[in-house]
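K.L.:
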Amino acid sequence: MKDFLSDKIRSLQPSGIRKFFDAVSEMPDAISLGVGEPDFETPWKIREEGIYSLEKGKTFYTSNSGLPELRREISVYMNRKYDLDYEPLKEVIVTVGGSEAIDVALRCLVNPGDEVIIPQPSFVSYGPCTVMAGGEPVYIDLRSENEFRLTAEELEAVITPRSKVLVLSFPNNPTGAIMEKKDLEALVPVIEKHDLVVISDEIYAELTYSGKHVSIASLPGMRDRTVVINGFSKAFAMTGWRLGYACGPENIISQMTKLHQYAIMCAPTLSQYAAVEALRGADADVEKMAEAYNQRRRYLLSEFHDMGLECFEPMGAFYIFPSIKKFGISSEEFAEKLLADQKLAVVPGNAFGDSGEGYLRISYAYSIDALKEAVGRLRKFVEKLSNHRSIAP
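The numbering of the sequence shown is the working numbering, which starts it at 128 and goes up by one.
1. Exposed or buried, Arg352, counting other C-beta atoms within 10 Å across all chains shown (16 or more means buried)?
2. Return the CA-CA distance between Ala401 and Val355, expressed in angstroms with no decimal places.
3. Is the Cβ-Cβ distance between Gly225 and Asp328 less than 9 angstroms?
4. Below 8 angstroms, can you find three or more Cβ-Cβ pairs linking the stretch 484-491 to the stretch 465-476?
5. For the 8 angstroms Cβ check, are there 3 or more pairs between the stretch 430-439 and the stretch 448-456?
6. Do Cys374 and Met154 count as a contact pair if the criterion is CB distance below 9 angstroms?
7. Short of 6 angstroms in beta carbon distance, which residues of its chain neighbour Ala501, apart from the five on each side in sequence? Order them along the chain.
8. Whose C-alpha, out of Gly443, Ser429 and Gly262, is nearest the C-alpha of Lys135?
9. DSSP beta-bridge partners for Ala373?
10. Go ahead and label Ala411 buried or exposed: buried means 16 or more other beta carbons lie within 10 angstroms of its beta carbon, across all protein chains shown.
11. Once the 5 residues before and after Leu465 are set aside, which same chain residues still bring their CB inside 6 angstroms of it?
12. Going by the beta-carbon positions, is the gap between Gly443 and Leu334 smaller than 9 angstroms?
13. Tell me, to the nearest whole angstrom, how far the beta carbon of Gly177 is from that of Ala492; I am working on the premise that it is less than 8 angstroms.
14. Is the CB-CB distance between Val203 and Lys291 below 9 angstroms?
15. In terms of residue numbering, what span does the alpha helix (DSSP H) encompassing Arg199 cover?
16. Between Ala467, Arg350 and Arg425, which has its C-alpha nearest Glu218's C-alpha?
17. Should Pro170 be labelled buried (16 or more other beta-carbon atoms within 10 Å of its own) or exposed?
18. On a CA-only basis, which of Val324, Glu312, Ile144 and Ala390 is nearest Thr278? Give me that one, please.
19. Does the beta-carbon distance from Leu216 to Ala344 come in below 9 angstroms?
20. Considering only the beta carbon of each residue, do Ala232 and Ile379 sit closer than 9 angstroms?
21. Could you tell me the alpha carbon to alpha carbon distance between Ala405 and Val341, rounded to whole angstroms?
22. By the 10 Å Cβ neighbour count, where 16 or more other Cβ atoms means buried, how is Ala519 classified, buried or exposed?
23. Comparing alpha-carbon positions, which option in Ile326, Asp166 and Asn299 lies nearest Met383?
24. For Phe167 versus Asn300, is the C-beta spacing smaller than 9 angstroms?
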């Protein structure tokens, strides 16, 4: 038989996150700080609305773009939170998580050979989705000394005549970095000069611990060249509900809807009804969860400083990105030995791009008790490395 597989799919590497997640599932008494999933249950009022929709038999397809009622609430929410105005029935699409929105946006914007600029470290799907869309990823290595923010100079340096899309993901996974308004404003002249379109992944927008999140789409001249992606998984603790959305100019959203129509039909109906309630009545729940994440963030920063792990202060999302360069081993080796020696799983930084080498991604979407136990194990391991003791392979 022939080899029927696509060369493109063969060229993609599996996610570096899943390797350690799968290992932990088979290891008794192991602790994982590797998964970016809130430990909170979905707020009851949201779950209750989902239950009610089932009881009322609301189990049919919605329109391809999503429930009109939900799209209207998304439009209201985006205006209330981020000063963005979108026509709900023409400029908003409801997707199966933010991940589908990323994939569909790239496939609708990219022609073969177009370059997609991706600052790294970054979420693992941008590069593979670009390749599957026929584009060419162009990576910018962000620096810890600049708090992993993108500068206009770094952007200008990689632009070529084939550059078309800039992916921004702030607050950032895996670093926890943010871009403040002044940082975004500095990018706008470069974006306009080279006529780029922006995909702004703002899934962690509600988890910003320094001031209010600013969307690049809210800056003058940027609304009509930006697709804003967001969703319910992180802020509302709704990962399993699989619901996201994209907002942008009608000419782009209409084409995204067409592709979504053929590939997906519509996002889960039950989840859409629950999401209406999330947007209308869960602000206090989101704030409470954000306060808890902030407490955990400060705890880990203090503990890492105490054990001598260098780490810039992340001001968004629920990840921290300590440096382990001083130990003279790779991120992968550190993570593998930590798992074997202390049954503690973290994600090596190079899973998020070459510039992540020498770092670890540690999620604090876990209880304080779990974090305390994990810190104790990490401290023992760091002490062993510092004393040059042998560590099990």
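Where is the CB? At the ideal position from N, CA and C, for every residue including glycine. For clarity, every value in this text was computed on a predicted model and none was experimentally measured.
P.N.:
In terms of the structure at hand:
1. With at least 16 other beta carbons inside 10 angstroms of its own, Arg352 counts as buried.
2. 22 angstroms
3. yes
4. yes
5. Taking 8 angstroms as the limit for Cβ pairs, the verdict is that the stretch 448-456 does touch the stretch 430-439.
6. no
7. Ile158, Leu160 and Leu471
8. Gly262
9. Ile220 and Ile356, per the DSSP bridge assignment.
10. exposed
11. Here the set comprises Leu471 and Phe508.
12. A distance below 9 angstroms separates the beta carbons of Gly443 and Leu334.
13. With 8 angstroms as the limit, Gly177 and Ala492 do not qualify as a contact, their Cβ atoms being about 22 angstroms apart.
14. no
15. Pro195 to Tyr209
16. Arg350
17. buried
18. The shortest Cα separation from Thr278 among Val324, Glu312, Ile144 and Ala390 belongs to Glu312.
19. 9 angstroms or more divides the Cβ of Leu216 from the Cβ of Ala344.
20. yes
21. Their Cα atoms are separated by approximately 21 angstroms.
22. A caution first: Ala519 carries a pLDDT of 48, below 50, which makes its placement in the model too unreliable to give a value.
23. Ile326
24. Taking C-beta atoms as the reference points, Phe167 and Asn300 fail to come closer than 9 angstroms.
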